[in-house]
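Enquirer: Take this structure, written in structure tokens, and hold onto it; I'll ask about it next.
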Amino acid sequence: PKTEYEILRRRIYSNILEFFYFINSQVQSELKQSTSEKSFSNFLNLISEFKRSLMKDVLTLADVDGYAEWRHKENDELTNLVQQRLFYLQNPKNCKTAKKLLCDLNKGCGYGCQLHHAVYCLIVAYGTQRTLILKSRGWRYSRPGWESVFLPVSNSCTTPDGISQSAWPGNDNVQVVSLPIIDSLSPRPPYLPLNIPEDLAPKIRRIHGDPIVWWVGQFLKYLLRPQPNTIKMLEQYKQKLGFKKPIVGVHIRRTDKVGTEAAFHRLDEYMLHVEEYYKSLELTQTVTQKRVYIATDEPKIFNEARIKYPDYEVFGDVSIAKSAAVNKRYTDNSLSGIVTDIHLLSLSDYLVCTFSSQVCRVAYEIMNSLEIDAAHKFRSLDDIYYYGGQKARYQEAVLPHIPLKPSEIELQVGDQISVAGNHWDGYSKGMNLRTHQLGLYPTFKVIPKIETAPFPTYPQVPL
Ligand code: GDP
């Protein structure tokens, strides 16, 4: 099918959501006072039902348009191509002469943040055509290093040795270049998120609603190939739990994050969206048991969830949460817990979490490397999706907007906007690059801009 068709189909889907957010929040704030409690909530329920029905219809389009098989095939082919390119890059014929990029896994942050750091290193390796050497001995999550849980990033080339060394950026004659963390990278190459490679961009855009998420997911797919012991651990855990679908993954990040990098959100704020997910699902299948998988660093949540939501089967492991809370970051025994939690979140049918947390963003990225176009299968209580250290996320106005309130900004068709966030009430906040005005605008009046850069095309790896 045409790219335009795929993009339009997804735009209708997300604009039904935006329309609903808008109506819902307007009604909540303005009509509440003037209407009786009962008729007010009846009205809200009816518009929610309306939204679910419309969304179901748009989703069904993808099943009946005759392209489902094409989407599968295209996604598989593109995935194979990128994985083969990474394999080729990481297994040079002669390690003694191979150009290398040296990266230290031990960034001073949590596991999700370190995974994103490793992804960034592998993306730059791909962009510079240098084999990534991941230094991980003494890793704060596991002293023996990366290979205690995941396969080595190369089968044949893991030593940092070389005849010449240099700090980033080095040059073509230097064999081993060391890469700093993204926060202090200078000069910045064009390969960083949110850029996707020019040669693959048209295909990625057709198969995925948020191409950068697909792209990042590919790097996680390569990096997180599990060791046999890890596979065993995850399988045993799933069996012990009785992990079954349908299931919604809920990540609740508390402790050190709250008040510093994110706001506190009550359990019912998450569960509202879980409920909504099951109500939508009930339009297409009978749901005999509602399930949630809860990953959290707040052990008390499990009891709270079981008491307040008796109609749910609540999965999760309080001892993992305890170890996450007590060993807050940087210790060996919290590693299996966080690996397990992220894995099960990524296997869920839908994710409810705060995208301010790297734990949930990683789970979402992995989910998108396992399923075709899972771009819409989440609800974040705070941020829109982003990649730490990224360039700004840009949108383009496709409809003009005349401000209705002082908090709003003007849009002309074609304006570029650097987006700060979605307020999930029909409005987003951002800076219009033409007028330099910062403020609110209706989200449906813009489309995301997909940024591309000329990455190497690996002609050695057959299509
Ligand atoms: P962020 O701080 O939430 O953006 O994510 P990071 O991954 O960088 O750091 C948070 C760390 O806290 C994780 O890596 C875990 O070690 C721990 N943690 C946070 N949430 C969870 C959770 O749901 N489960 C487990 N097992 N650990 C968690």
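The sequence shown maps to residues 103 to 565 in this note's numbering.
From the three backbone atoms N, C-alpha and C, an ideal C-beta is built for every residue, glycine too.
1) Assign G361 to one of two classes, buried (16 or more other C-beta atoms within 10 Å of its C-beta) or exposed (fewer than that).
2) Based on Cα-Cα distance, which residue from S421, L446 and S438 lies nearest to V394?
3) Do the CB positions of R187 and Y496 come within less than 8 Å of each other?
4) Looking only at C-alpha atoms, which of R239, P271, E300 and C215 sits nearest to R290?
5) Among N177, M469, A220 and A494, whose alpha-carbon lies nearest the alpha-carbon of V350?
6) Just the C-alpha distance for A303 and E553, rounded to the nearest angstrom, thanks.
7) Please report the Cβ distance between H428 and I396, rounded to the nearest whole angstrom; I am assuming they are in contact, meaning their Cβ atoms lie under 8 Å.
8) Please report the Cβ distance between L437 and V251, rounded to the nearest whole angstrom; I am assuming they are in contact, meaning their Cβ atoms lie under 8 Å.
9) Mapping DSSP to helix, strand and coil, what is K334?
10) Nearer than 7 Å: is that true of the beta carbon of R355 relative to any heavy atom of the ligand GDP?
11) If you scan the stretch 210–243 from start to end, which runs of the alpha helix (DSSP H) of 4 or more residues do you find wholly inside it?
12) Quick check on the DSSP output: the alpha helix (DSSP H) that includes S450 runs from which residue to which?
13) Starting from T398, trace the beta strand (DSSP E) in both directions and tell me its first and last residue.
14) Does the pairing of the stretch 478–487 with the stretch 448–464 give three or more beta-carbon distances under 8 Å?
15) Under the criterion of a Cβ to heavy atom distance below 7 Å, does K410 qualify as lining the ligand GDP?
16) Count the C-beta pairs between the stretch 134–153 and the stretch 533–551 that are closer than 8 Å, then say yes if the count reaches three, no if not.
17) Which runs of the alpha helix (DSSP H), 4 residues or longer, sit entirely within the stretch 144–212?
18) Any heavy atom of the ligand GDP closer than 7 Å to the beta-carbon of I440?
19) Identify whether H367 lies in helix, strand or coil by the three-state DSSP scheme.
20) Say yes only if the C-beta of A269 is nearer than 7 Å to one or more non-hydrogen atoms of the ligand GDP, and no if none qualify.
21) Comparing alpha-carbon positions, which option in L110, Q130 and T105 lies nearest G528?
22) Cβ-heavy atom distance between C223 and the ligand GDP below 7 Å?
23) How many Å lie between F457 and I265 at the Cα?
24) Among the candidates L385, Y324 and E106, whose CA atom is the shortest distance from the CA of L191?
25) Distance check for E179 and L472, CA to CA, integer angstroms please.
26) Buried or exposed for R368, please, with buried defined as at least 16 other CB atoms from any protein chain shown within 10 angstroms of its CB.
27) Are the Cβ atoms of G418 and D285 separated by less than 8 Å?
28) Anyone know if the C-beta pair for N281 and L217 falls short of 8 Å?
29) Using a Cβ-Cβ cut-off of 8 Å (strictly less than) and excluding sequence neighbours within five positions of E337, which residues of its own chain qualify?
30) Any heavy atom of the ligand GDP closer than 7 Å to the Cβ of I403?
31) Below 8 Å on the Cβ atoms is my contact criterion, and I expect Q267 with V276 to pass it. Report the Cβ-Cβ distance as a whole number of Å.
32) If you count every other CB in all the chains shown that lies within 10 Å of the CB of P295, and 16 or more means buried, which is it?
33) Is there at least one non-hydrogen atom of the ligand GDP closer than 7 Å to the beta-carbon of V83?
34) Who are A269's beta bridge partners in DSSP?
35) For V548 and E512, which I take to be in contact (beta-carbon distance under 8 Å), what is that distance rounded to the nearest angstrom?
36) Restricting to runs no shorter than 4 residues, where is the alpha helix (DSSP H) found entirely within the stretch 459–539?
Expert: In terms of the structure at hand:
1) On the sequence shown, residue 361 is found 259 positions in, with the first residue counted as 1. In summary, G361 is exposed, with fewer than 16 beta-carbon neighbours lying within 10 Å of its beta-carbon over all protein chains present.
2) Within the sequence shown, the letter at position 292 stands for residue 394. Looking at S421, L446 and S438, the one whose alpha-carbon comes closest to that of V394 is L446.
3) One-based indexing of the sequence shown puts residue 187 at position 85. One-based indexing of the sequence shown puts residue 496 at position 394. Taking C-beta atoms as the reference points, R187 and Y496 fail to come closer than 8 Å.
4) Against the sequence shown, residue 290 aligns to sequence position 188. Ranking R239, P271, E300 and C215 by Cα distance to R290 puts P271 first.
5) For the purposes of this step, residue 350 is taken as the residue at position 248 of the sequence shown. For V350, the closest C-alpha among the options N177, M469, A220 and A494 is that of M469.
6) As a working mapping, residue 303 is identified with position 201 in the sequence shown. As a working mapping, residue 553 is identified with position 451 in the sequence shown. Cα to Cα, the separation comes out at about 9 Å.
7) On the sequence shown, residue 428 is found 326 positions in, with the first residue counted as 1. On the sequence shown, residue 396 is found 294 positions in, with the first residue counted as 1. Residue identity check: residue 428 is Val in the sequence provided, not His. V428 to I396, Cβ: 18 Å. No contact.
8) Stepping through the sequence shown from its first residue, residue 437 is reached at position 335. Stepping through the sequence shown from its first residue, residue 251 is reached at position 149. Between L437 and V251, the beta carbon gap of about 7 Å places them in contact (Cβ cut-off 8 Å).
9) Within the sequence shown, residue 334 is the residue found at index 232, counting from 1. Judged by DSSP in its simplified three-state form, K334 adopts helix.
10) Working through the sequence shown from its first residue, we reach residue 355 at position 253. True, at least one ligand heavy atom lies under 7 Å from that Cβ.
11) Runs of the alpha helix (DSSP H) lying entirely within the stretch 210–243, each at least 4 residues long, are 213–230 in chain order.
12) Counting from 1 along the sequence shown, the entry for residue 450 is found at position 348. Where S450 is concerned, there is no enclosing alpha helix (DSSP H), given that its DSSP letter is neither H nor E.
13) For the purposes of this step, residue 398 is taken as residue 296 along the sequence shown, with counting starting at 1. Per DSSP, T398 belongs to the beta strand (DSSP E) from K392 to T398.
14) Per the Cβ contact rule, the stretch 478–487 is in contact with the stretch 448–464 (3 or more Cβ pairs under 8 Å).
15) Within the sequence shown, residue 410 is the residue found at index 308, counting from 1. Not under cutoff, so the answer is no.
16) Contact between the stretch 134–153 and the stretch 533–551 is absent: fewer than 3 CB-CB pairs across the two stretches fall below 8 Å.
17) With a minimum length of 4 residues, the unbroken runs of alpha helix (DSSP H) contained wholly in the stretch 144–212 fall at 170–192.
18) Taking the sequence shown and counting its residues from 1, the one referred to as residue 440 is at position 338. Answer for I440: yes, Cβ within range of the ligand GDP.
19) Here residue 367 refers to the residue found at position 265 when the sequence shown is read from its first residue. In the structure shown, H367 sits in coil (DSSP, three-state: anything other than H, G, I, E or B).
20) Translated into positions along the sequence shown, residue 269 becomes position 167. No, since every heavy atom of the ligand GDP falls outside the 7 Å radius drawn around the Cβ of A269.
21) On the sequence shown, position 426 is the one that residue 528 refers to. For G528, the nearest C-alpha among the options comes from Q130.
22) Indexing the sequence shown from 1 puts residue 223 at position 121. No - the ligand GDP has no heavy atom lying nearer than 7 Å to the Cβ of C223.
23) By one-based count along the sequence shown, residue 457 stands at place 355. By one-based count along the sequence shown, residue 265 stands at place 163. When rounded, the separation of the alpha-carbon atoms in F457 and I265 is 43 Å.
24) As a working note, residue 191 is residue 89 in the sequence shown. Residue Y324 holds the alpha-carbon nearest to the alpha-carbon of L191 among L385, Y324 and E106.
25) As a working note, residue 472 is residue 370 in the sequence shown. As a working note, residue 179 is residue 77 in the sequence shown. In this structure, the alpha-carbon of L472 lies about 14 Å from that of E179.
26) For the purposes of this step, residue 368 is taken as residue 266 along the sequence shown, with counting starting at 1. Around the CB of R368, fewer than 16 other CB atoms lie within 10 Å, so the residue is classed as exposed.
27) Looking up residue 418 in the sequence shown gives position 316. Looking up residue 285 in the sequence shown gives position 183. One thing to note: G418 has its Cβ no nearer than 8 Å to the Cβ of D285.
28) Walking along the sequence shown from the start, residue 281 turns up at place 179. Walking along the sequence shown from the start, residue 217 turns up at place 115. Looking at the sequence provided, one finds Leu at residue 281 rather than Asn. No, the pair does not count as a contact, with Cβ atoms beyond the cut-off.
29) As a working mapping, residue 337 is identified with position 235 in the sequence shown. Around E337: no qualifying Cβ.
30) The sequence position of residue 403 within the sequence shown is 301, counting from 1. No, Cβ of I403 sits at least 7 Å from all heavy atoms of the ligand GDP.
31) Along the sequence shown, read from residue 1 onward, the residue named residue 267 stands at position 165. Along the sequence shown, read from residue 1 onward, the residue named residue 276 stands at position 174. Between Q267 and V276 a beta carbon distance of about 7 Å is seen, short of the 8 Å cut, so the two are scored as contacting.
32) In the sequence shown, counting from the first residue as 1, residue 295 sits at position 193. Burial call: buried.
33) Residue 83 is absent from the model: the chain starts at 103 and stops at 565.
34) For this step, residue 269 is matched to residue 167 along the sequence shown. DSSP output for A269 lists S280 as bridge partner(s).
35) To locate residue 548, count along the sequence shown from 1; it is residue 446. To locate residue 512, count along the sequence shown from 1; it is residue 410. With 8 Å as the limit, V548 and E512 do not qualify as a contact, their Cβ atoms being about 13 Å apart.
36) Complete alpha helix (DSSP H) runs here, min 4: 460–472.
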